[in-house]
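Chemist: Before I ask anything, here is the structure I am working with.
Spelled out as structure tokens, the structure:
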């Protein structure tokens, strides 16, 4: 298998196009939940099977595979179920076969981890919780061609960096596209769509800075690092930029907790914990959006 890397571009979208993309993602969520539900039914039958108990005792992996095959628990069978479900409802007008197969594979991987006890029971995705769809190749379904994304009747331009200081963008666009992924992100309380190109090759490596003839001492600690040369000495801490976001996060969480408790004074269990159905003030909802944006920035800084 050839080496792969991902490059992300922002998509230029109109309100109408955003509405269509949101509908596509919502239908993808419906399909994911349908496949997950079907998969859980099949897993229940596998677990109730007497042969499964025997396979556990004897640690017979060949028998495990035979049981899975008998109860139609495989990536291929769940993909077939997804295509059948798509063709029987309105989903066929919005999602192509490749996207449906990838959604089924995503559900299968979660189910397989649950069956093999590598992860907990997978949960159904609630509204707006599925935020990406992808294709299987750049030939059908989601296609990237001439700096544009084509899908069904939609045609979307990508936002290009005019400066492209280090040539990262130029390098990415010169590589062969394996497949595309559309991702929805929540930025400043608005939905923003991005195109992730899964490309063939190695990640771009920036040219090394010109070396200078000077001796520098470096002392690295668990949370700080010291730099020393003939001209100056510095003591810096790691991840300085993250500190303000962490403090803001903590303060917002405290604010939101106080707001919930003041709005739900009698809504407590015997042990002092809040009950599930809660009244949320406008201030609480506003802080919730600020916290989500703060967490997004934290995530971005950590990825750098």
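Residue numbers (the numbering used here): -12 to 291. Every residue, glycine too, gets a C-beta built ideally from N, C-alpha and C.
(1) Determine, using beta-carbon pairs with one atom in the region 168 to 183 and one in the region 124 to 139, whether at least three such pairs fall under 8 Å.
(2) Per the DSSP calculation, residue 171 is bridged to which residue(s)?
(3) Find out if the Cβ-Cβ distance for the pair residue 125, residue 166 is shorter than 8 Å.
(4) Quick one: is residue 109 buried, meaning 16 or more other Cβ sit within 10 Å of its Cβ, or exposed?
(5) Give a yes or no on whether the C-beta atoms belonging to residue 288 and residue 239 are separated by under 8 Å.
(6) Considering only C-alpha positions, which residue in the set 77, 260, -2 and 159 is nearest to residue 145?
(7) Can you tell me which of the three DSSP states residue 234 falls into?
(8) In whole angstroms, give me the CA-to-CA distance for residue 8 and residue 190.
(9) Establish whether the CB of residue 204 and some CB of chain D are separated by less than 8 Å.
(10) Are there three or more Cβ pairs, one per stretch, closer than 8 Å when the region 89 to 96 is compared with the region 42 to 53?
(11) May I ask you to list the residues that DSSP assigns as paired with residue 254?
(12) Using only CA atoms, which one of 225, 220 and 219 lies nearest to residue 209?
(13) How long is the line joining the alpha carbons of residue 15 and residue 3, rounded to whole angstroms?
(14) CB-CB under 7 Å to residue 272, same chain, minus the five flanking residues each way: which ones, in chain order?
(15) Which residue marks the beginning of the beta strand (DSSP E) containing residue 148, and which one marks its end?
(16) Output the distance between the C-alpha atoms of residue 212 and residue 107, rounded to the nearest integer angstrom.
(17) Taking residue 244 as the reference, which of 234, 268 and 201 has the closest Cα?
Modeler: To lay it out plainly:
(1) yes
(2) 180
(3) yes
(4) buried
(5) no
(6) -2
(7) helix
(8) 29 Å
(9) Given the protein chain composition of this structure (a single chain), no chain D is represented.
(10) no
(11) DSSP output for residue 254 lists no bridge partner at all.
(12) 225
(13) 19 Å
(14) none
(15) Counting along the chain, residue 148 falls outside any beta strand (DSSP E), and DSSP gives it neither H nor E.
(16) 40 Å
(17) 268
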